[in-house]
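Data first, discussion second: the structure below is written as structure tokens.
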Ligand code: GLU
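And the structure:
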């Protein structure tokens, strides 16, 4: 049988890294087995669902490079793939259960249910529905309807049964039927609940494997009950462990960025994030940590997905991002960096540089970057005019420095070409001036950038060119003479 899996996000927020990992595992599993990945949107929480979030989630999947075969945007034989557009289908399935007596209308009010819940909790029992409307006669139902009460539909949960999930990740997990009361499958407004809609869709969409977050494991026995009642074959289940922060608490906003978009905005590369997420819980055979998506597809198996929670290690993500940045060609990296330079306010300066000098700038900063958004900081000495603080002043005011810099200016002002020429000119400079290297480069750097440390001088000088370098030295002289005056 052909493998069919699905990713079924609720559009109630941006794509969380946990959701992205579920999507990725489904993707890897589908591709590994030459199966089909379906993307369906579970938007039955009308208050919290937003179409902007749906767009954002799909955009995040696109950015990560996770493609799907059926579902939102691409369509397919089981359309529509948005749950609010499938309400008739759920209603018809609920009718089947009502006819079979496996579900019943429930007229209890929110207040009554809340009181029942509170009572059970106070007694230390599992809150569940105790069955007030379970055995109402037809007359009683009719009377309540007549009184204008619109019922919900409740599923008659079998009691005294053990539900055993043969989970592909967690092994056998058993649930007592008794702890699960009759549960609502259709609300009074005709909207299905998650546990019902998910089963109807997974069945009709011919899903063979349900791979999802561990938090849904406790929902699984309810879903198994519905499969049984409808007489449908069950898919296989695989519940993937939580992602924890480094303090071993569930990953949340407290731990920093939690959504894919935030990582994108910080300038992580999609290849790095995908690689990192794959290894959150999955341990491929072999030692190699850096893997392309294709390599992951080939190696992926649910057997090697861990039962214990994965810990989100930001240092590891940073390391991976650096590895992937290193592999980028200068022109590719240059393109990726442009929006981040714009964001840092350097759009006009970068445009004025021209292609050749921009490439040198990219070469000059690339080894320092952990993420793309670091570029603002490292490009600053290239693009901002120097400012001299007291530390700079102390260096520049030293005996003989002004004269030495004046001679540097003559040499460097003559620079015409690119990086190679800047490199050899700077190398020859101490010899030409007859001054030890140490006494040349430090004051020169301070005069040109205002700082004692920073990117390598040849890169800076090559980006500025002869004229730009002279102008900066001019500033240093102006600063020194203003100071004397
Ligand atoms: N809509 C659910 C969620 O976002 C999906 C649950 C499932 O995969 O069954 O958590």
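Numbering (our numbering), first residue to last: 878 to 1362.
Backbone N, C-alpha and C fix where the C-beta goes; we use that ideal spot for every residue, glycine too.
Given the structure is predicted, the values throughout are model-derived calculations rather than measurements.
The ligand GLU has no heavy atom closer than 8 Å to the beta-carbon of residue 1148. Taking non-hydrogen atoms of the ligand GLU into account, the C-beta of residue 883 is found less than 8 Å away from one of them. For residue 886, the Cβ falls inside the 8 Å cut-off from some heavy atom of the ligand GLU. Going by beta carbons, residue 883 and residue 914 fall inside the 9 Å limit.
Here residue 1084 really is in contact with residue 1112; their C-beta atoms are around 5 Å apart, less than 8 Å. In chain order, 984 place their CB closer than 7 Å to the CB of residue 1026, counting only its own chain and leaving out the 5 sequence neighbours on each side. The Cβ atoms of residue 1279 and residue 1357 lie closer than 9 Å to each other. Residue state for residue 1281 is assigned as helix, using DSSP reduced to three classes.
Rounded to whole angstroms, the gap between the alpha carbons of residue 950 and residue 961 is 16 Å. By the criterion of a C-beta distance shorter than 7 Å, residue 1097 is surrounded in its chain by 1042, 1114, once the five residues flanking it on both sides are discounted. With the rule of 3 Cβ pairs closer than 8 Å, the segment 1214-1222 does not count as touching the segment 1152-1164. Remark: C-beta atoms of residue 1062 and residue 1103 approach each other more closely than 9 Å. Residue range 1060-1063 is occupied by the beta strand (DSSP E) that includes residue 1062. Cβ contact annotation for residue 1252 (same chain, cutoff 8 Å, sequence separation greater than five): 1144, 1214, 1217, 1218, 1221, 1242, 1246, in chain order. With contacts defined as CB atoms closer than 9 Å, residue 1296 and residue 1339 qualify as a contacting pair.
When rounded, the separation of the alpha-carbon atoms in residue 1135 and residue 896 is 10 Å.
Between residue 1011 and residue 982 the beta-carbon gap is near 11 Å, outside 8 Å, which marks them as no contact.
If one requires a minimum length of 4 residues, the alpha helix (DSSP H) runs lying completely within the segment 1216-1256 are 1224-1230, 1232-1242, in chain order. The three-state reading of DSSP puts residue 952 in strand, counting E and B together.
Looking from the CA of residue 916, the closest CA among 940, 1334, 956 belongs to 956. Its Cα nearest to that of residue 980, the residue 1060 stands out among 1060, 1022, 1314, 1050. DSSP places residue 1342 within a helical segment (H, G or I) once states are collapsed to three. Between the ligand GLU and the CB of residue 929, the shortest heavy atom gap is not smaller than 8 Å. DSSP places residue 1308 within a helical segment (H, G or I) once states are collapsed to three.
In this structure, residue 899 has its CB closer than 8 Å to one or more heavy atoms of the ligand GLU. In the DSSP assignment, residue 1031 falls within the unbroken beta strand (DSSP E) covering 1029-1032.
The three-state secondary structure of residue 1303, taken from DSSP, is helix. When distances are taken from the beta-carbon of residue 1089 to the heavy atoms of the ligand GLU, the shortest one is below 8 Å. Around the CB of residue 1148, 16 or more other CB atoms lie within 10 Å, so the residue is classed as buried. A contact is defined here as three or more CB-CB pairs under 8 Å, and the segment 1282-1295 meets this definition with respect to the segment 1334-1351.
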